[in-house]
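Q:
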Amino acid sequence: MNETLKVIAKRYACRDYKSEMPSDEILQAIAEAGIQAPSGMNRQDWRVIVVKDKELMKDMESEGMSYLASLEGKSAYNRIMDRGGRLFYGAPCMIVVPIDQKQFSSAVLDCGIVCQNIALAATSLGLGNVICGLTGTAFASGLRAEEFSKRLGFPEGYAYGGSILLGYANTVKEPHTPDMDKISFVE
Ligand SMILES: Cc1cc2nc3c(=O)[nH]c(=O)nc-3n(C[C@H](O)[C@H](O)[C@H](O)COP(=O)(O)O)c2cc1C
């Protein structure tokens with residue numbers, strides 16, 4: 366296996382972080398991997414926002430948990446509670462990727478590719494990471510979406526697209542075993 370394939374095979378969803386903040390140099394390198402992602406028609410309708418603001422993360426986390434608790438279906442809420450009740454698992458920082466609302470359909474896929482570039486770059490640099498779709502719950506009730514968009518510095522017309530939690534792993538997990546049955550060749 367070459368280095369790229371090794372990093373892909375090593376990545377796993379990290380759900381327990383140390384409080385230590387990665388250096389700006391590392392975070393910058395990871396963010397740069399994000400903006401090197403391909404995008405439909407090279408539109409690059411995203412931003413890569415590195416969030417080190419603990420208060421902001423705490424506020425988004427508690428808004429997200431309140432939103433999940435308010436839902437009739439409690440499966441997501443219960444899953445997070447079973448994992449320790451922390452939407453962000455103690456991660457010291459995260460990257461939020463807002464996307465242009467006008468291009469939403471293609472931007473969602475583009476955003477996913479940015480997130481995966483970030484996840485793989487973080488893995489290659491020794492950081493735990495997990496793509497965290499549930500960060501969207503902080504925006505979901507609409508009550509604080511505008512406030513969070515402003516504090517995160519979303520450009521006009523951009524909305525939350527995706528996020529990745531980052532930090533040094535407190536608990537290291539084995540990557541999941543890939544299901545080889547998912548692969549087929551047509552010849
Ligand atoms: C689009 C997307 C959203 C995700 N959102 C969350 C999330 O909100 N919280 C979480 O703990 N994991 C989240 N994950 C991580 C997945 O649960 C995880 O990738 C999956 O269980 C496979 O495990 P692995 O990443 O260790 O291979 C998300 C993954 C993707 C791709």
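Just so we're aligned, residue 366 is where the sequence shown starts under the working numbering, counting upward by one.
Note that the Cβ used here is the ideal one computed from N, Cα and C, for glycine as well.
#1: For isoleucine 445, which of Arg380, Lys375, Asp546, Leu530 has the nearest alpha-carbon?
#2: List the DSSP bridge partners of asparagine 494.
#3: Any heavy atom of ligand 1 closer than 8 Å to the beta-carbon of proline 463?
#4: Can you pull the DSSP bridge partners for isoleucine 400?
#5: Do you know offhand how far histidine 541's Cα is from glutamate 420's?
#6: When we look at the beta-carbon of cysteine 486 and count the other beta-carbons within 10 Å, is it buried (16 or more) or exposed?
#7: Mind the definition here: the region 519-535 touches the region 385-396 only if three or more C-beta pairs lie below 8 Å; say whether that holds.
#8: Are the region 447-455 and the region 463-477 in contact at 8 Å, needing three or more beta carbon pairs?
#9: Identify which residue in Ser471, Asn443, Glu437 has its Cα closest to the Cα of glycine 405.
#10: Counting pairs of Cβ atoms below 8 Å between the region 407-418 and the region 456-466, do you hit three or more?
A: So, from the listed chains and residues:
#1: Along the sequence shown, read from residue 1 onward, the residue named residue 445 stands at position 80. When each option's Cα is compared against that of isoleucine 445, the closest is Arg380.
#2: Within the sequence shown, the letter at position 129 stands for residue 494. BP columns for asparagine 494 point to Ala378, Leu531.
#3: The count along the sequence shown starts at 1 and reaches residue 463 at position 98. Short note on proline 463: C-beta not closer than 8 Å to any heavy atom of ligand 1.
#4: Start at 1 with the first residue of the sequence shown, and residue 400 comes out as number 35. For isoleucine 400, which the question treats as bridged, DSSP gives no partner whatsoever.
#5: Numbered from its first residue, the sequence shown carries residue 541 at position 176. Numbered from its first residue, the sequence shown carries residue 420 at position 55. Spanning the two alpha carbons is a distance of roughly 33 Å.
#6: Counted from its first residue, the sequence shown places residue 486 at position 121. Here residue 486 turns out to be alanine, not cysteine, going by the sequence shown. Answer is buried; the Cβ neighbour count reaches 16.
#7: These segments touch.
#8: Not touching, per the Cβ criterion.
#9: Sequence index remark: in the sequence shown, residue 405 carries index 40 (1-based). Taking only the C-alpha atoms, the option nearest glycine 405 is Ser471.
#10: Counting Cβ pairs under 8 Å, three or more are found: they touch.
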